[in-house]
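Novice: Counting with our numbering, you get residues 1 to 167 for the letters of the sequence shown.
Note that CB positions come from ideal geometry on N, CA and C, so glycine has one too.
Please read through the structure below; I'll follow up with questions.
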Amino acid sequence: MTVEDLLLTPTGLRFGGRVYPCVIGKGGIRRDKQEGDGATPVGTHHIVGMYYRPDRLSPPVSWAVPIGPRDLWCDDPAKAAYNHAVTAPFDGSHERMYRADPLYDLILVTDWNWPVARAGKGSAIFIHQWRRPGYPTEGCVALKRSDLHSIAARLTPRSRLIVRERG
Numbered sequence: 001m002t003v004e005d006l007l008l009t010p011t012g013l014r015f016g017g018r019v020y021p022c023v024i025g026k027g028g029i030r031r032d033k034q035e036g037d038g039a040t041p042v043g044t045h046h047i048v049g050m051y052y053r054p055d056r057l058s059p060p061v062s063w064a065v066p067i068g069p070r071d072l073w074c075d076d077p078a079k080a081a082y083n084h085a086v087t088a089p090f091d092g093s094h095e096r097m098y099r100a101d102p103l104y105d106l107i108l109v110t111d112w113n114w115p116v117a118r119a120g121k122g123s124a125i126f127i128h129q130w131r132r133p134g135y136p137t138e139g140c141v142a143l144k145r146s147d148l149h150s151i152a153a154r155l156t157p158r159s160r161l162i163v164r165e166r167g
């Protein structure tokens with residue numbers, strides 16, 4: 001582990017000498033992550049990308065990529081684009097990245113089951129804004145908006161999300 005890493009602990013997400021309150025997937029932490037289980041997968045996940053809504057905020061780092069209304073994420077294991085960014089129109093199951101709510105105004109993308117995705121192992125483990133404290137995600141890690149922005153501004157392309165089994 002390095003100072004650039006984010007460590008998920010029982011009390012929050014540790015980064016830069018602080019522990020930030022966060023929420024995880026409604027399925028808990030699992031070593032055997034599957035599509036649709038709502039779990040946050042155990043492992044060391046590199047931060048491989050950052051997306052932001054340019055109509056709502058400025059890029060927190062130079063390598064952040066703007067998203068627009070046609071940007072989607074494929075969560076369809078039957079498609080070649082499974083667990084990759086795609087553009088509308090798209091005929092497979094997908095998640096809209098450009099949302100009406102603020103949850104995906106800033107998205108940190110991990111390398112969970114990426115770039116070569118195995119069908120059914122789960123797609124898109126993001127770090128994003130939470131709905132509210134204590135409200136779980138579908139498997140992602142989510143934080144308060146100000147904490148997410150603070151962390152994002154200090155990440156490097158070498159940063160990783162480390163998730164260990166609890167117990």
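Would Val23 pass as a contact of Tyr98 if the rule is Cβ separation under 8 Å?
Specialist: Their beta carbons are not under 8 Å apart, which means Val23 does not touch Tyr98 by this criterion.
Novice: Going by CA-CA distance only, name the one from Ala152, Arg30, Arg160 that's closest to Trp63.
Specialist: Selected option, being the one with the closest Cα: Ala152.
Novice: Examine the Cβ distances between the stretch 75 to 90 and the stretch 24 to 31 and report whether three or more of them are shorter than 8 Å.
Specialist: No, they do not touch.
Novice: In three-state terms, what does DSSP make of Ala85?
Specialist: Here Ala85 sits in strand by DSSP.
Novice: Looking at C-alpha atoms only, which residue of Gly68, Thr11, Gly120, Lys144 is the closest neighbour of Arg166?
Specialist: Measuring from the Cα of Arg166, the nearest candidate turns out to be Thr11.
Novice: With DSSP as the reference, identify every bridge partner of Trp73, one or two as the case may be.
Specialist: Partner(s): Ala85, Glu95.
Novice: Please confirm whether Asn83 and Ala124 have their CB atoms less than 8 Å apart.
Specialist: Yes. Within cutoff.
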